[in-house]
Amino acid sequence: MRLPAAAGARVLERREHPVARVVGLAGLLVLWELVTRTGWVPPLFLPSPLGVLAAGVEMVQSGELLTHVATSLGRILLGFGLGALGGVAVGLAVGVFSLAEAVGTPLIAATFPIPKIALLPLLILWLGIGEASKVAVITLGVFFPMAINTYAGVRHADPLLLRAAVSFGAGRWSLVRKVMLPSALPMIFAGLKLGAGTSLLLLVAAEMIAAASGIGFLVLHAQNLMETTKLMVGIVLLSLLGVCSHWLLTRLERAVIPWRADA
Amino acid sequence: MTRPVKVVVRDVSHTYRDRSGQSVEALAGVTFTVEAEELVAVVGPSGCGKSTLLNMLAGLLSPSAGGVGFEGDLPAGRPPTAMVFQEFALFPWRTVQANVEFGLEEAGLATPERRAIARRFIELTGLVGFEGKYPHQLSGGMRQRVGIARALAVDPAVLLMDEPFSALDAQTRQLMQEELLAIWERTRKTILYVTHNIHEAVWMADRVVVLSRRPGRVLEIVPVELKRPRTEAMLGQAGFVGAVERIWALIKSQAREALRESVA
């Protein structure tokens, strides 16, 4: 049986529900506040959202939060930057040169599945317990998705565009810069977003294992002292960092890839 | 006294290996020339090696046997050919302006010079006002104007066109054919035009090279006895109809065989 025209349209339609988006998030916060207010759950296990906010403000004023955030940001930015640069460089090389591809792909395939956090003890052994080992583990975590995505992006460059560029006199270097790299940009940005998530994860893990400051340290230390409110401040902070980095990368992507029809 | 450049295709054959490792003969002993300022069309059934031929002339492929070349004096810095592609092949990350400038960049021209040259061909192809647009913001017809402007901008001795309008709808195609003829009247560019559309070939070309199905051989070179500039009124004239009928008679059985082959 055929659907009448209007019913068909309703099936295909997807509505936006802008109010529901806000209500869902606000509802969760209100419910959370109520659950803690009524005393169903003791604040030691679940502090109230307003309490977390108050503790956060207090920690900002005392300067405690700033130290932790600055330390963590420093580690993550350095690790992310190094990993992204290295990953793009290696991914480009492996995508462009057949020899690099022959050498590189089995190496990457063999090392990529190792959970990077498992390398932290080794990195501490090699680089010491200081900043270097923490930055290094983040670098590694970002390097692989970046290298693999860049490589895939380069290899998926449209052969027609490559032919067109060569027919207009492009040499190998021009081909890399003017066709392969722009072709790979959407994949590179997908890698950056993936890497941002991974680097946050590795940051926290590294700071929980061996650190005297940073958000990961804050979370673990607060738990040791049964300061659940401070612990929650740390978690909220991490969630904010994740949201901000994703937002920033999306904005950057739109600025760098203005030709995408869907952007 | 510099001699004008002409295209010489002499006894060209090409064999390639397909994925299963079998060798396929695409072209067999193809010979023809394109004189300076001439517009020559190549028609043939699907799989006659038309694109192979163009790729050779563009320097993207070497013939297995025979020679593809240019006779005459090519001024330094001018490329022998530039190609207009069926699927446009515009760089999606470049604006119209930057796409038109691509070949000039590769030729090492300075920015002001590139701008000025690109400007000329943007005007010639009716793209004024669209310089800052990206290809995805343009209609098919406008995209191919960019393709034509990009190719003309490098001032090639010969313009190669690989079914340039076959991706367009019928009405746009008709308009683009007229525009290309108008551009030809103004630039007198030597053009080698590959198409599977016999009407298009006859209406545009001075001579039509008719290829057989694979392996492509020259069945006949049909001259078109129509004056220039070409007008729509000529579509009913005996010179037009006669040439179309002659070519269709040559190709029909070949096309039928090609059709059966692709079904099987």
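Note that the protein sequences, when read in sequence, are chains A and B.
So the first sequence is numbered by the working numbering: it starts at 85 and just counts up by one.
So the second sequence is numbered by the working numbering: it starts at 985 and just counts up by one.
Glycine included, C-beta positions come from ideal geometry on N, C-alpha and C.
Quiz item: Going along chain D, which residues have a C-beta under 9 Å from Met1040 of chain B?
Solution: This model lacks chain D altogether, as its protein chains are A and B.
Quiz item: Among B:Ala1042, B:Asp1190, B:Ala1012, B:Ala1100, which has the Cα closest to the Cα of Arg1198 of chain B?
Solution: The residue given as residue 1198 of chain B occupies position 214 in the second sequence. Closest by alpha carbon: B:Ala1012.
Quiz item: Rounded to the nearest angstrom, how far is the Cβ of Arg981 of chain B from that of Asp1139 of chain B, given a contact under 8 Å?
Solution: Nothing in the structure corresponds to residue 981 of chain B, since chain B is present only between 985 and 1248.
Quiz item: Is the shortest distance between the beta-carbon of Tyr1118 of chain B and the beta-carbons of chain A less than 8 Å?
Solution: Position 134 of the second sequence, counted from the start, is the residue given in the question as residue 1118 of chain B. Yes, because at least one Cβ of chain A sits closer than 8 Å to the Cβ of Tyr1118 of chain B.
Self-check item: chain B contacts made by the segment 150 to 183 of chain A, where a contact means CB separation under 7 Å
Solution: none
Quiz item: How big is the Cα-Cα spacing for Thr223 of chain A and Tyr235 of chain A?
Solution: Your numbering for residue 223 of chain A matches position 139 in the first sequence. Your numbering for residue 235 of chain A matches position 151 in the first sequence. C-alpha separation (whole angstroms): 18 Å.
Self-check item: Within 9 Å of chain B by C-beta, residues of the segment 249 to 274 of chain A in sequence order
Solution: Ala249, Val250, Ser251, Phe252, Gly253, Ala254, Gly255, Ser258, Lys262, Val263, Pro266, Ser267, Leu269
Practice problem: Would you mind stating whether Ala1189 of chain B and Tyr1177 of chain B have Cβ atoms separated by less than 8 Å? | Solution: Position 205 of the second sequence holds residue 1189 of chain B. Position 193 of the second sequence holds residue 1177 of chain B. In contact: Ala1189 of chain B and Tyr1177 of chain B (Cβ atoms closer than 8 Å).
Exercise. Can you tell me the Cβ-Cβ gap for Ser267 of chain A and Ala241 of chain A, rounded? I've got them flagged as a contact below 8 Å.
Key: Translated into positions along the first sequence, residue 267 of chain A becomes position 183. Translated into positions along the first sequence, residue 241 of chain A becomes position 157. Going by Cβ atoms, the distance from Ser267 of chain A to Ala241 of chain A rounds to 4 Å, so yes, they are a contact pair.
Exercise. Tell me, please, which residues DSSP counts as bridged to His998 of chain B.
Key: Taking the second sequence and counting its residues from 1, the one referred to as residue 998 of chain B is at position 14. Per DSSP, B:Leu1011.
Exercise. Please decide whether Leu276 of chain A counts as near chain B, where near means a Cβ-Cβ distance under 8 Å.
Key: Along the first sequence, read from residue 1 onward, the residue named residue 276 of chain A stands at position 192. With 8 Å as the cut-off, Leu276 of chain A does not count as an interface residue toward chain B.
Exercise. Under 7 Å Cβ to Cβ from Lys1117 of chain B, same chain only, skipping five residues before and after it: list those, please.
Key: Stepping through the second sequence from its first residue, residue 1117 of chain B is reached at position 133. So the list reads Thr1079, Val1080, once near-sequence residues are dropped.
Quiz item: In three-state terms, what does DSSP make of Arg1127 of chain B?
Solution: Position 143 of the second sequence, counted from the first residue, corresponds to residue 1127 of chain B. The answer is helix: DSSP assigns Arg1127 of chain B an H, G or I state.
Quiz item: In three-state terms, what does DSSP make of Lys1117 of chain B?
Solution: What you label residue 1117 of chain B is simply residue 133 of the second sequence in a count that begins at 1. Of the three classes helix, strand and coil, the one that applies to Lys1117 of chain B here is coil, per DSSP.
Practice problem: Only counting runs of 4 or more residues, tell me where the alpha helix (DSSP H) segments fall wholly within the segment 164 to 245 of chain A, in order along the chain. | Solution: 182 to 195, 204 to 211, 215 to 239
Quiz item: Name the residues in the segment 1072 to 1100 of chain B whose C-beta lies less than 7 Å from a C-beta of chain A; which are they?
Solution: Ala1073, Phe1075, Pro1076, Trp1077, Phe1086, Gly1087, Glu1090, Ala1091
Quiz prompt | Reduced DSSP category for Gly1200 of chain B - H, G, I as helix; E, B as strand; rest coil | solution = On the second sequence, position 216 is the one that residue 1200 of chain B refers to. The answer is strand: DSSP assigns Gly1200 of chain B an E or B state.
Quiz item: Thinking C-beta only, is Leu162 of chain A closer than 8 Å to Val219 of chain A?
Solution: Walking along the first sequence from the start, residue 219 of chain A turns up at place 135. Walking along the first sequence from the start, residue 162 of chain A turns up at place 78. Yes, they are a contact pair.
Exercise. Compute the Euclidean distance between the alpha carbons of Gly1113 of chain B and Val187 of chain A, then round it to the nearest angstrom.
Key: Position 129 of the second sequence, counted from the start, is the residue given in the question as residue 1113 of chain B. Position 103 of the first sequence, counted from the start, is the residue given in the question as residue 187 of chain A. One C-alpha to the other measures close to 49 Å.
Quiz item: DSSP on Ala1025 of chain B, reduced to helix/strand/coil?
Solution: Here residue 1025 of chain B corresponds to residue number 41 of the second sequence, with the count starting at 1. Reduced to three states, the DSSP call for Ala1025 of chain B is strand.
Quiz item: Does DSSP classify Glu1245 of chain B as helix, strand or coil?
Solution: The residue you call residue 1245 of chain B lines up with position 261 of the second sequence. It is helical.
Exercise. Please check if any C-beta of chain B sits within less than 8 Å of the C-beta of Leu244 of chain A.
Key: In the first sequence, counting from the first residue as 1, residue 244 of chain A sits at position 160. Leu244 of chain A counts as touching chain B.
Practice problem: Sort out for me which residues DSSP pairs Ile299 of chain A with in a bridge. | Solution: Taking the first residue of the first sequence as 1, we reach residue 299 of chain A at position 215. Bridge partners of Ile299 of chain A: none, in fact.
Quiz item: In angstroms, rounded to a whole number, what distance separates the CA positions of Pro133 of chain A and Glu291 of chain A?
Solution: Numbered from 1 along the first sequence, position 49 holds the residue referred to as residue 133 of chain A. Numbered from 1 along the first sequence, position 207 holds the residue referred to as residue 291 of chain A. Rounded to the nearest angstrom, the two C-alpha atoms are 25 Å apart.
Quiz item: Alpha carbon to alpha carbon, what distance is there between Gln1238 of chain B and Ala1248 of chain B?
Solution: Taking the second sequence and counting its residues from 1, the one referred to as residue 1248 of chain B is at position 264. Taking the second sequence and counting its residues from 1, the one referred to as residue 1238 of chain B is at position 254. Here Ala1248 of chain B scores only 45 on pLDDT, less than 50, and its place in the model should not be relied on; the value that follows carries that caveat. Straight-line Cα distance between these residues: approximately 16 Å.
Quiz item: Where does Pro342 of chain A land, buried or exposed, given buried means 16+ other C-beta within 10 angstroms?
Solution: Here residue 342 of chain A refers to the residue found at position 258 when the first sequence is read from its first residue. That one is exposed.
Quiz item: Per DSSP, what kind of secondary structure is Gly1051 of chain B in: helix, strand or coil?
Solution: Position 67 of the second sequence, counted from the first residue, corresponds to residue 1051 of chain B. In this structure, Gly1051 of chain B counts as strand in the three-state DSSP scheme.
Self-check item: Phe1149 of chain B in three-state terms, based on DSSP
Solution: On the second sequence, position 165 is the one that residue 1149 of chain B refers to. Phe1149 of chain B: coil per DSSP, three-state reduction.
Quiz prompt | Arg247 of chain A: contacting residues in chain B (beta-carbon distance under 9 Å) | solution = Locating residue 247 of chain A in the first sequence gives position 163, where the first residue counts as 1. Result: Asn1039, Ala1042, Leu1044, Met1067, Phe1069, Ala1073.
Quiz item: Quick one: what does DSSP say Thr1017 of chain B is sitting in, helix, strand or coil?
Solution: Locating residue 1017 of chain B in the second sequence gives position 33, where the first residue counts as 1. If DSSP states are grouped into helix, strand and coil, Thr1017 of chain B belongs with the strands.
Quiz prompt | Pair within 8 Å by beta-carbon distance, Ala1100 of chain B and Glu1085 of chain B | solution = Here residue 1100 of chain B is taken as the residue at index 116 of the second sequence, counted from 1. Here residue 1085 of chain B is taken as the residue at index 101 of the second sequence, counted from 1. No, the Cβ-Cβ distance between Ala1100 of chain B and Glu1085 of chain B is not below 8 Å.
Quiz prompt | Same chain, Cβ closer than 7 Å to Leu246 of chain A, five either side skipped, listed in chain order | solution = Sequence index remark: in the first sequence, residue 246 of chain A carries index 162 (1-based). Contacts found: Leu259, Val263.
Quiz prompt | Residue nearest to Gly253 of chain A in terms of C-alpha spacing, selected from B:Glu1245, B:Val991, B:Ala1091 | solution = Counting from one through the first sequence, the residue named residue 253 of chain A turns up at place 169. That would be B:Ala1091, whose Cα lies nearest to the Cα of Gly253 of chain A.
Quiz item: Exposed or buried, what is Ala347 of chain A when buried is set at 16 or more other beta-carbons lying within 10 Å of its beta-carbon?
Solution: The residue labelled residue 347 of chain A in the question sits at position 263 within the first sequence. Note on Ala347 of chain A: pLDDT 45, under 50, position unreliable in the model; the coordinate value appears next. When all chains shown are included, Ala347 of chain A counts as exposed.
Quiz item: Do three or more CB pairs link the segment 122 to 141 of chain A to the segment 197 to 209 of chain A at distances below 8 Å?
Solution: no
Practice problem: Can you pull the chain A residues whose beta carbon is under 7 Å from the beta carbon of Val1138 of chain B, in chain order? | Solution: The residue labelled residue 1138 of chain B in the question sits at position 154 within the second sequence. Within chain A, the residues near Val1138 of chain B are Phe252.
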